[in-house]
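K.L.:
Number of protein chains: 2
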Amino acid sequence: MNVKTPIDFWFDFSSPYAYIASEWIDALAARHGRSVRWHAILLGVTFQAAELRSPVAYPLKREYVMRDFARSARFEGVPYVQPGKFPISTQNAARLFWHLTASDAEYGKQWARCALRAYFTRGVDLSDPSTLASLAADFGIPDAAAIWSDQHWKEVLKCENDAAVAAGVFGAPYFIVDGEPFWGNDRKAQIAACLARICSPQLARQD
Amino acid sequence: MNVKTPIDFWFDFSSPYAYIASEWIDALAARHGRSVRWHAILLGVTFQAAELRSPVAYPLKREYVMRDFARSARFEGVPYVQPGKFPISTQNAARLFWHLTASDAEYGKQWARCALRAYFTRGVDLSDPSTLASLAADFGIPDAAAIWSDQHWKEVLKCENDAAVAAGVFGAPYFIVDGEPFWGNDRKAQIAACLARICSPQLARQD
Chain V
26 MNVKTPIDFW FDFSSPYAYI ASEWIDALAA RHGRSVRWHA ILLGVTFQAA ELRSPVAYPL
86 KREYVMRDFA RSARFEGVPY VQPGKFPIST QNAARLFWHL TASDAEYGKQ WARCALRAYF
146 TRGVDLSDPS TLASLAADFG IPDAAAIWSD QHWKEVLKCE NDAAVAAGVF GAPYFIVDGE
206 PFWGNDRKAQ IAACLARICS PQLARQD
Chain R
26 MNVKTPIDFW FDFSSPYAYI ASEWIDALAA RHGRSVRWHA ILLGVTFQAA ELRSPVAYPL
86 KREYVMRDFA RSARFEGVPY VQPGKFPIST QNAARLFWHL TASDAEYGKQ WARCALRAYF
146 TRGVDLSDPS TLASLAADFG IPDAAAIWSD QHWKEVLKCE NDAAVAAGVF GAPYFIVDGE
206 PFWGNDRKAQ IAACLARICS PQLARQD
């Protein structure tokens with residue numbers, strides 16, 4: 026297997042754990058000579074396919090994860106302010122991502138980082154069309170609404186959701202490293218160990 | 026707050042992640058001058074209270090976690106062999122735990138470690154009365170069936186399940202460190218950081 030195989034990384038613009046992971050995955054990959062392919066998806070679609078619900082749909086679990094989002098961000102040194110409106114619909118932000126990614130994957134990532142940070146540090150409501158259009162314009166996309174209304178980018182996002190389900194993705198962040206699946210921001214240390222040993226089954230103990 | 030407050034640790038004898046955590050929690054606590062109070066519970070009761078289901082109840086998630094159990098054990102340097110019969114009923118093993126713990130908490134822990142290792146490394150079926158009685162006899166409990174059939178220990182386990190639900194426990198392993206809840210074997214690094222800083226909100230970045 027080519028050791029330079031890219032890492033696949035699935036995220037939803039409304040997932041706090043995916044936002045945290047988006048802040049470390051490329052740096053971690055680069056330390057091991059890897060690139061990362063980002064995939065914006067709609068978690069609602071993968072939840073439905075796996076007959077799962079969001080952790081925040083369960084009151085007791087919601088209370089825990091709302092605390093854990095901020096704590097996990099602090100642990101990674103990532104700024105985090107719990108958005109007042111949460112979770113939100115993210116199909117328009119995702120369609121913009123795929124539009125940009127089609128011509129330049131790095132530009133797509135820049136948009137993703139811009140939008141994730143806007144939502145998770147300043148509470149910018151990515152589900153509100155005028156707010157999203159304004160954020161996109163500031164980023165350098167003057168015609169954002171025309172893009173996310175375009176049937177083509179709607180279809181691309183649908184295909185990407187289907188591809189995620191086919192790949193076994195049932196939550197976010199989700200990673201595949203040389204065929205090995207990892208679910209969750211909390212799998213960072215295991216991913217690092219996997220990359221260091223090129224997914225050898227003998228992972229060293231880490232305290 | 027007294028910095029020597031014990032850490033509370035909830036587990037089910039049928040939880041792989043709780044088994045892995047049982048192998049590191051006391052050593053980690055000891056490095057910070059802490060003791061650990063173990064609580065054997067029935068995850069089915071906490072799942073029901075939180076309207077949750079086991080991750081292995083969802084086909085796609087089951088496939089992932091079955092792989093992640095073994096990988097997470099390797100990552101911690103803990104021996105693990107997926108039991109053929111899984112998950113299993115664990116009320117009898119838990120009643121024995123509470124019987125022993127009532128007179129000697131350390132002896133209760135020894136039984137828990139014995140039974141968890143028997144199940145997760147040799148596939149010893151803790152749900153089978155004669156198998157469990159035999160394991161208990163080898164451990165030094167000659168009258169195990171009389172204990173787990175005793176209404177008193179049934180009531181104690183019920184109370185402990187209720188207490189866990191009241192404490193917010195909705196999965197295993199679950200920990201409370203100075204009032205801060207942590208869910209999952211994968212929160213080890215955050216617990217370590219919390220103990221090092223006595224739960225200061227400023228957790229340092231860890232790569």
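Just so you know, the protein sequences line up as chains V and R, in that order. Residues in the first sequence are numbered from 26 upward in steps of one, following the working numbering. Residues in the second sequence are numbered from 26 upward in steps of one, following the working numbering. Where is the CB? At the ideal position from N, CA and C, for every residue including glycine.
1) Just list the residues that DSSP pairs D33 (chain V) with in beta bridges.
2) Let me know the secondary structure DSSP gives F94 (chain R) once reduced to three states.
3) Using the C-alpha atoms, what's the distance from S114 (chain R) back to L85 (chain R)?
4) Whole alpha helix (DSSP H) runs in the segment 175-222 of chain R with 4 or more residues, listed along the chain?
5) Which whole-angstrom value describes the C-beta separation of G69 (chain R) and K29 (chain R), a residue pair presumed to lie in contact below a C-beta threshold of 8 Å?
6) Could you tell me which chain R residues have their CB closer than 7 Å to the CB of E76 (chain V), listed as they occur along the chain?
7) According to DSSP, is L157 (chain V) part of a helix, a strand, or is it coil?
8) In the structure shown, what three-state DSSP assignment does S225 (chain V) receive?
9) Which residues bound the alpha helix (DSSP H) around E131 (chain V)?
10) Rounded to the nearest angstrom, what separates N210 (chain V) and P41 (chain V) at their Cα positions?
11) On the three-state DSSP scale, how would you describe S39 (chain V)?
12) Rounded to the nearest angstrom, how far is the Cβ of G133 (chain V) from that of W63 (chain V), given a contact under 8 Å?
13) Going by alpha carbons, who is nearest to W136 (chain R) out of R:G148, R:G165, R:R147?
14) Is the Cβ-Cβ distance between A74 (chain V) and V190 (chain V) less than 7 Å?
15) Taking any Cβ of chain V, which residues in the segment 83-101 of chain R have a Cβ under 8 Å from it, in chain order?
16) Can you look up M26 (chain V) in the DSSP assignment and give me helix, strand or coil?
17) If you draw a straight line from the alpha carbon of C184 (chain R) to that of V61 (chain V), how long is it in whole angstroms?
18) Taking 7 Å as the CB-CB cut-off, is F36 (chain V) touching chain R?
19) State the CB to CB distance for the pair P198 (chain R) and A43 (chain R), rounded to an integer number of angstroms; the pair is presumed to be in contact (CB under 8 Å).
20) Using a Cβ-Cβ cut-off of 7 Å, state whether D211 (chain R) counts as contacting chain V.
21) Below 8 Å on the Cβ atoms is my contact criterion, and I expect F200 (chain R) with A119 (chain R) to pass it. Report the Cβ-Cβ distance as a whole number of Å.
22) Counting only beta-carbon separations shorter than 7 Å, does Q73 (chain R) have a partner in chain B?
23) Since P108 (chain R) and F72 (chain R) are thought to touch, with beta carbons under 8 Å apart, how far apart are those beta carbons, to the nearest angstrom?
24) Can you give the Cα-Cα distance for S155 (chain R) and A98 (chain V), rounded to whole angstroms?
25) For P206 (chain R), count the other beta carbons within 10 Å of its own beta carbon; 16 or more makes it buried, fewer makes it exposed. Which is it?
26) Since G193 (chain R) meets chain V, which of its residues come closer than 8 Å, beta carbon to beta carbon?
27) Are the beta-carbon atoms of I66 (chain R) and N186 (chain R) separated by less than 7 Å?
28) Please state whether DSSP places E101 (chain R) in a helix, a strand or coil.
29) Identify the contact partners of A214 (chain V) in chain R, using a Cβ-Cβ distance below 8 Å as the criterion.
30) For the putative contact between L125 (chain R) and A169 (chain R), defined by C-beta atoms under 8 Å, what is the C-beta separation to the nearest angstrom?
31) Please report how far the alpha carbon of R147 (chain R) lies from the alpha carbon of D93 (chain R), in whole angstroms.
P.N.:
To lay it out plainly:
1) V:R62, V:I201
2) helix
3) 23 Å
4) 176-191, 213-221
5) That pair is no contact at about 34 Å.
6) Y83
7) helix
8) Confidence is the limiting factor: at S225 (chain V) the pLDDT is only 42, short of 50, which leaves the residue's position unreliable, though a coordinate-based value still follows. Note: S225 (chain V) maps to coil in three-state DSSP.
9) 130-147
10) 9 Å
11) coil
12) 7 Å
13) R:G165
14) yes
15) Y83, P84, L85, K86, E88, Y89, R92, D93, R96, S97, R99, F100, E101
16) Unreliable positioning characterises M26 (chain V) in this predicted model, as indicated by a pLDDT of 47, which lies under 50. A coordinate reading is not provided.
17) 49 Å
18) no
19) 4 Å
20) yes
21) Not a contact, Cβ separation roughly 18 Å.
22) Chain labels in this structure do not include chain B; the protein chains are V and R.
23) 19 Å between Cβ atoms; not a contact.
24) 48 Å
25) buried
26) L85, E88, Y89
27) yes
28) helix
29) F100, A214
30) No, L125 (chain R) and A169 (chain R) are not in contact; Cβ-Cβ is about 10 Å, not under 8 Å.
31) 19 Å
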